[in-house]
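Read top to bottom, the protein sequences are chains R, Z, Y and H.
Residues in the first sequence are numbered consecutively from 16, following my numbering.
Residues in the second sequence are numbered consecutively from 16, following my numbering.
Residues in the third sequence are numbered consecutively from 16, following my numbering.
Residues in the fourth sequence are numbered consecutively from 16, following my numbering.
Each remark here refers to the structure printed beneath this line.
There are 4 protein chains.
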Amino acid sequence: MGLVSNIFKEEDIKSLQGYMGIGHNRYSTMGASKLVNCQPFVVDTAQNWIAVAHNGELVNAKSLRKKVLASNVGLSTKSDSELITQLLSISPPCGEPEGANWPSRIKRLMNETQCAYALVILTKDGIFGVRDPYGNRPLCVGKILRSSDNGKECAGWLLSSESCSFPSIGAEKLYDVEPGEIVQLTRKGVSRLEIVQPLRLSDPTAFCIFEYVYFARADTVFEGQMVYNVRQECGRQLADEAPVEAEIVSTVPDSATPAAIGYAERSGIPYVEVLTRNRYVGRTFIQPSTRLRKLGVARKFGPLTANFLNKRIILIDDSIVRGNTMAPIIKVLREAGAAEVHIRVASPPLKHPCYMGINIPTKEELIANVMSPDELAKYLGADSLVYLSVDGLQSAVRKGIQMTTSKPPGHCTACLTGKYPVELEW
Amino acid sequence: MGLVSNIFKEEDIKSLQGYMGIGHNRYSTMGASKLVNCQPFVVDTAQNWIAVAHNGELVNAKSLRKKVLASNVGLSTKSDSELITQLLSISPPCGEPEGANWPSRIKRLMNETQCAYALVILTKDGIFGVRDPYGNRPLCVGKILRSSDNGKECAGWLLSSESCSFPSIGAEKLYDVEPGEIVQLTRKGVSRLEIVQPLRLSDPTAFCIFEYVYFARADTVFEGQMVYNVRQECGRQLADEAPVEAEIVSTVPDSATPAAIGYAERSGIPYVEVLTRNRYVGRTFIQPSTRLRKLGVARKFGPLTANFLNKRIILIDDSIVRGNTMAPIIKVLREAGAAEVHIRVASPPLKHPCYMGINIPTKEELIANVMSPDELAKYLGADSLVYLSVDGLQSAVRKGIQMTTSKPPGHCTACLTGKYPVELEW
Amino acid sequence: MGLVSNIFKEEDIKSLQGYMGIGHNRYSTMGASKLVNCQPFVVDTAQNWIAVAHNGELVNAKSLRKKVLASNVGLSTKSDSELITQLLSISPPCGEPEGANWPSRIKRLMNETQCAYALVILTKDGIFGVRDPYGNRPLCVGKILRSSDNGKECAGWLLSSESCSFPSIGAEKLYDVEPGEIVQLTRKGVSRLEIVQPLRLSDPTAFCIFEYVYFARADTVFEGQMVYNVRQECGRQLADEAPVEAEIVSTVPDSATPAAIGYAERSGIPYVEVLTRNRYVGRTFIQPSTRLRKLGVARKFGPLTANFLNKRIILIDDSIVRGNTMAPIIKVLREAGAAEVHIRVASPPLKHPCYMGINIPTKEELIANVMSPDELAKYLGADSLVYLSVDGLQSAVRKGIQMTTSKPPGHCTACLTGKYPVELEW
Amino acid sequence: MGLVSNIFKEEDIKSLQGYMGIGHNRYSTMGASKLVNCQPFVVDTAQNWIAVAHNGELVNAKSLRKKVLASNVGLSTKSDSELITQLLSISPPCGEPEGANWPSRIKRLMNETQCAYALVILTKDGIFGVRDPYGNRPLCVGKILRSSDNGKECAGWLLSSESCSFPSIGAEKLYDVEPGEIVQLTRKGVSRLEIVQPLRLSDPTAFCIFEYVYFARADTVFEGQMVYNVRQECGRQLADEAPVEAEIVSTVPDSATPAAIGYAERSGIPYVEVLTRNRYVGRTFIQPSTRLRKLGVARKFGPLTANFLNKRIILIDDSIVRGNTMAPIIKVLREAGAAEVHIRVASPPLKHPCYMGINIPTKEELIANVMSPDELAKYLGADSLVYLSVDGLQSAVRKGIQMTTSKPPGHCTACLTGKYPVELEW
């Protein structure tokens, strides 16, 4: 539990033996944030020990759970990732004996549950990487070269959700795992085994569009394009869709910066910083009075007053979820002397829950279900507020896409449109 | 991991809801001392959640494990207690549907594995207490009365390995669970459901005799007699079997004190304390030189020099396992001026490993397999050393026994005699 | 803050350089139990760095503090031990320049404050050991021999409050530091420098009698006699002073055991254990109901019921301070079937606060100021209760004394009699 | 020891009583980073308790220390801040009795030591704020209004090194404390008591120019100008002094961003982000191979490859001290496809140690003393490297200055020029 760099010390890593390993930095969606739910799940099976890490959330978790319990397996957690692990270890009661034929077991699993997951499975036969048939969760393959002790260069292979992790250890991205694809990493290299199609064959792929908007790191590359550039393009699109007269364009640092730069570029209005981020404000700060509590979020940001005194500001944010953080920021800017503050949001209003692995609040908590943009502007103390359109977002995403997979790229926009790529189970 | 009073704080206990609970202060035998092996094991099953705590060790753990894995259950630990938990959740493939008929499931389990265990099983239908058909591990039932808020007295029922836990919370012992017996605790009271006989019906019961010698707390009552008095009787027996001329009888505090008092009483030689125990010496003490390292254990004890100067001491110990602790104690006594030191051990030599839940070292580490009593006396620096005989121990145990169970009481002496009560699996 | 063995790890000790060192395991009297008051106090002075550890409490702390503050020194704590440290560093304004003449500075200090302290002072010129002119706090010198790397034996010298610490590291006691004496330990050995007399020359020495009664470890030797034997003699004396008809004599383990054995010996009534001590009960235990809270202390002790059922018990305690712990013990014994319980206390009633280093509650909290012995017996639920007389205690202390110092041994009985050895300052 | 928000929890703050308080988040310069050196220093004096927090370093610490020790005060740390505290408590031996006349004591202190310090001193008479006569360390006064329980608005006053702390709690800056000024904060308000001139009256003030370059937060206002704008102006100045042909100007995030924006603005070359900052890389990261160790710093930054592929980059950094961090960043950019990398440093070369409170490495470690700019460019793998001139920096600092103090503003440039504002003591 906690930050990886606090938990794993150099001596922990040094004590590891062997040449394969998996890990997962879990952001809990189903199954509470408790030690018992930490991944990978490690179990002994009739085919030796396996370990499984799972990014995503199973849309048919409830019926799967009943099925596993009915097959006499006691489950020690409420996590859907334990379900996956036990399903892999179960042999079909009256089929061919599979033994340690992991690809066969994995395909069987993929037919039982279709969405949403990226998996890494550690077995004695290597590490298997799996992406669900809809490609909802990302997964990519990388390669690393290092000089061994005898001077020869030797290669290693890696799986990661985001390509940005590769350069940080001196590795490079090879390719995205395709929707439904199973790959196998062994000492000898990486094999692309097979692509499992969705049961409903006509279904398009549905890569989570919110990875572009918010989750992924800006230097990650999905579908051949850098996330930063998609966000910047969203900013340009937003400048076209929602222009406003002002002296400066600015950002809520750091995540909205590419969109702000894109907006500034397209609109011709200069990009100017209006807030510094206080790196030392944590969650535990003391809030002695209602007045300070209201400032709350604003304490994270210091106003660069001289940069915006008596000026009209277009303030870009990447997304608005609950709407809690923006009001105090606007208040800080106004009190410090901003003439006007116009909010432009570089993504469409978030209106629907996600059942595929993204932790989005309930419908009632999503501010876009409660207020119109104009009402929200008033509530936040802004002079105006406009969201990017769904079409605008999709066109920004599609603009730079490069065909890296065999299927035409489709995107899940369920949280924005309510159109889920697969049937949900209630 | 750690001492109960360090782990569970008042607020943890207060946050508990409901009217039933189980816990286990595990002293690891099979399965390493790791967080993952902490008990109780809690699993969701087709018959709702259950929790299981297990004291003991299964003599057929290996074949059971194979069986469970073959039935498609992935096991997340190496613990035999997890085996028990999964076996309880498995339905027989082609038998009657048992559903949540826990007594039926427990009986099935008891036929699969016969020794050694005491179990408490928490289900929606109450807590089940189970003792293996050989009665190797202890388990007893207690009752507590407390005034409820409306002034009425209300009763609660308890299960515990040792009866000494009852007075400490104001409860009292009702009776020992019999070998093979299943009891059920609910809100309404405690029901004695059934007694499962060993598969080899002629087998006698085999309650662990080492509980009397070493493990149990002195104020615990087994089979109608207080452990303290059995130990005292061992001392008396030892005085008969192994007399020696001396001025004083003494103890290695605190565990050998009842035996020492018994020896003094029978021999007529006065009981005198020769050592104080240093409460502050922990395991982490610093040992800067070989000389101090040799003193090692002795640092736990301060010599009460004036009590034994120029006197012959009979020093009683409760048992000798590896023989590491006695030599430095004798050295301390001799250097402080003891005329002679005669060791009398209030139990027979420990020669065989235990496979039923007691953590005894390997044969090679057991000093009684390496040296005769005379060799050991010489090695330890004692003037003589005599163990209690196996017959002497058995007669001391039987002397005060009161028939509290329906079967004649038998005792497992495997660690002393090598005669195991059930077949072992290699 | 905490237990020495938890704070100082082997690597801490190994990292120490040099051949001299001091430490203090402080039980706070004046100055709260806070990190800032941890000893030794280390200060840089015009005569280089010194470190001071102080056992005791200064009776003239208030006026000394004013004096030090008036001399322009800012004090960073409320501790009287910091006063001592600063007084050592202060040069007399218009006397001879003392420089690093530490004996001269120490004598000056001893004339400023006469009671109560044992000091160890680490300087570049060695370690000085100092006992106040009244000898209220104990201090003794020990010697240790160890083989050096070249095979030669080399000697070290030690200072300690209690001699029991010497055998635990393989050292032996040489002698008690005399009241008012200054000794100096260097690489070459130990020198007895000088004895400073009390300003009121006729005053007798006043070694704290409560060290015998309660504080010291039983294997410590003061004034040539082992503390255990003094306590045993108190038990004998108590048997003479306060006999009662009963079947058994017993102890509240462990501190009252020597007195109980002495009482049994003199009275001819057998010594029998009635309580086991639960080693695992800490302070943090949960007390869910008034009923359990009342049991409170009793939870530390398990009743050895079979040893006292239907018997009359003489229960010896070493002292009664607040009287909180005895009532629940008596209740446990009675509920388990004791016929009668007679309390005999192996020390006189505690009636007066200590201003010399022993942490005794206020007058109002001392139960002996609130109830007569008979009232107390009734309050505790005992059949009778008798204290040892002051004369009895003094005669028990004097009986085995050996003249190890030049002055006739006198004892401070202030907490029992209200007669303080020096004038107090209010 | 540690981050404020980790150390002080809400309950710690709530437990505070009274209406005045001081604290110091110390970045150790003289006196190691140890608990004992934590500020404020709190001492009892003949004039009651005082507490002192000190930002800065005393240039005459050595001779002051000798003086204090000679006056019979034992010092418990090596910190120069303890010297200040003790000097405040010392009364002059043969002057007028000062008593609790704190302004008089503070003036005496300021004549003993002239540089460098900002002090806050908590006494029973209020909090005194003091800035050294050279104004080397910053200190400013703020005001906060809050509604009290009865609905009335009540005011509080604050002292802070940087004005940016005021808005974060809803307060506002009133004015800079002037060089040599003593202010007093009480319940009634803030009084400007007096300005102490330097002993060498002709000396100009010497506010640390490195506060502008590196230390202060960008939203702090010194001398009437926002630090962000000074850094931006440094960037503009640098564009004038050191132009170079390139497609993009960028920054090493986050501290060099204002300078990069200023450079882009003046040069007309677009400002483009080339690196993302990885918020999760701490100090404890594991470095399993030499190759990764070399990447080291680069792991903090992810390359935004698509933004700079085949382009010439002007990379702005705020300062270069040891030169360790830049080489791997350049390597990352080159490997990801940058055509050229030109380093422009928005401050002059750092060549001399600071003795006034800034922790600058030794001369030998300062890369500017070891290599010329061209050598450094080669060493770092850059195509060119140019520093801002000292004149350029000074003109950027002076450009926006507003006279907020009575003396003409002067700046300490010792670390850049070797010209120290006061005499040093060796």
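For every residue, glycine included, the Cβ atom is placed at its ideal position computed from N, Cα and C.
{"Item": "Could one say the Cβ of N244(Z) lies closer than 7 Å to chain Y's Cβ atoms, at least one of them?", "Value": "yes"}
{"Item": "Contact check, G515(Z) vs H357(Z) under 8 Å by CB: the rounded distance?", "Value": "The requested residue 515(Z) is not part of the displayed model; chain Z covers only 16 to 441."}
{"Item": "Rounded to whole angstroms, how far is the Cβ of A392(Z) from the Cβ of D333(Z), which I believe are closer than 8 Å?", "Value": "That belief does not hold up - the Cβ atoms of A392(Z) and D333(Z) are roughly 17 Å apart, past 8 Å."}
{"Item": "Examine chain Z for any beta-carbon lying closer than 7 Å to the beta-carbon of C179(Y), and answer yes or no.", "Value": "yes"}
{"Item": "E262(R) and R327(R) - do their beta-carbons sit closer together than 7 Å?", "Value": "yes"}
{"Item": "Is I284(R) close to chain Z, meaning its C-beta is less than 7 Å from at least one C-beta of that chain?", "Value": "no"}
{"Item": "Looking at C-alpha atoms only, which residue of P364(R), Q129(R) and A275(R) is the closest neighbour of K378(R)?", "Value": "P364(R)"}
{"Item": "Which value, in whole angstroms, describes the spacing of the CA atoms of R215(H) and V437(H)?", "Value": "9 Å"}
{"Item": "Decide yes or no for the touch test of the stretch 412-421 of chain H against the stretch 241-249 of chain H: beta carbon pairs closer than 8 Å, at least 3 of them.", "Value": "yes"}
{"Item": "Span of the alpha helix (DSSP H) holding Q252(Y)?", "Value": "V242 to E256"}
{"Item": "So, helix, strand or coil for N343(Y), using DSSP?", "Value": "As written in the sequence, residue 343(Y) is Pro, which differs from the Asn given in the question. Helix."}
{"Item": "Is there a Cβ of chain Y sitting closer than 7 Å to that of G317(Z), yes or no?", "Value": "yes"}
{"Item": "When the Cα atoms are used, what is the spatial distance from K203(H) to L174(H)?", "Value": "15 Å"}
{"Item": "Could you work out which residue in I105(Z), G114(Z) and L137(Z) is closest to L124(Z) when comparing CA atoms only?", "Value": "I105(Z)"}
{"Item": "Can you list the residues of chain H that L10(Y) reaches, using a CB-CB cut of under 7 Å?", "Value": "With chain Y covering only 16 through 441, there is no way to say anything about residue 10(Y)."}
{"Item": "Give a yes or no on whether 7 Å exceeds the smallest Cβ distance from R152(Y) to chain Z.", "Value": "no"}
{"Item": "Using a Cβ cut-off of 7 Å (strictly closer), state whether S183(H) contacts chain R.", "Value": "yes"}
{"Item": "Once you ignore the five residues that flank V19(Y) on each side, which residues in its own chain have a CB closer than 7 Å to its CB?", "Value": "N40"}
{"Item": "Compare the C-beta of S104(R) with all C-beta atoms of chain Z and state if any pair is closer than 7 Å.", "Value": "yes"}
{"Item": "Could you tell me how far apart the beta carbons of G71(Z) and G372(Z) are, in whole angstroms, since I believe they sit closer than 8 Å?", "Value": "4 Å"}
{"Item": "If you measure beta-carbon to beta-carbon, which residues of the stretch 318-342 of chain R are closer than 8 Å to chain H?", "Value": "P318, L319, T320, A321 and N322"}
{"Item": "Indicate the three-state DSSP secondary structure (helix, strand or coil) for T128(R) in the structure shown.", "Value": "coil"}
{"Item": "Taking the runs of the beta strand (DSSP E) that are 3 residues or longer, which of them lie wholly in the stretch 309-394 of chain H?", "Value": "316-318, 327-332 and 355-360"}
{"Item": "Is the Cβ of Q101(R) closer than 7 Å to any Cβ of chain Z?", "Value": "yes"}
{"Item": "When you compare the CB of S91(Y) with every CB in chain H, is at least one pair closer than 7 Å?", "Value": "yes"}
{"Item": "V228(Z) by DSSP, collapsed to three states: which one?", "Value": "helix"}
{"Item": "Rounded to a whole number of angstroms, what is the C-alpha to C-alpha distance between S86(H) and L134(H)?", "Value": "23 Å"}
{"Item": "Which residues in chain Z have a C-beta closer than 9 Å to the C-beta of N87(R)? List them in chain order.", "Value": "T60, A61, S86, N87, V88, Q101, S104, I105, S106 and P108"}
{"Item": "Pull up the CB-CB distance for R232(Z) and E177(Z), whole angstroms please, since I reckon it's below 8 Å.", "Value": "6 Å"}
{"Item": "Measure how close the beta-carbons of V198(Z) and G150(Z) come, nearest whole angstrom, since I'm counting them as under 8 Å.", "Value": "About 14 Å; that fails the 8 Å criterion."}
{"Item": "Is it right to say L319(R) is buried, meaning 16 or more other beta carbons lie within 10 angstroms of its own, or is it exposed?", "Value": "buried"}
{"Item": "Going by CA-CA distance only, name the one from P182(Y), N63(Y) and S119(Y) that's closest to R80(H).", "Value": "N63(Y)"}
{"Item": "Please find out if some non-hydrogen atom of the ligand MN comes closer than 6 Å to the beta-carbon of K77(Z).", "Value": "The ligand MN is not part of the structure shown, which contains no ligands of any sort."}
{"Item": "Would you report the Cα separation of D234(Z) and Q101(R), rounded to the nearest angstrom?", "Value": "46 Å"}
{"Item": "Ignoring anything shorter than 3 residues or poking outside the stretch 21-88 of chain Z, list the beta strand (DSSP E) runs there in chain order.", "Value": "56-60 and 63-71"}
{"Item": "Are the CB atoms of D59(R) and L90(Z) nearer to each other than 7 Å?", "Value": "yes"}
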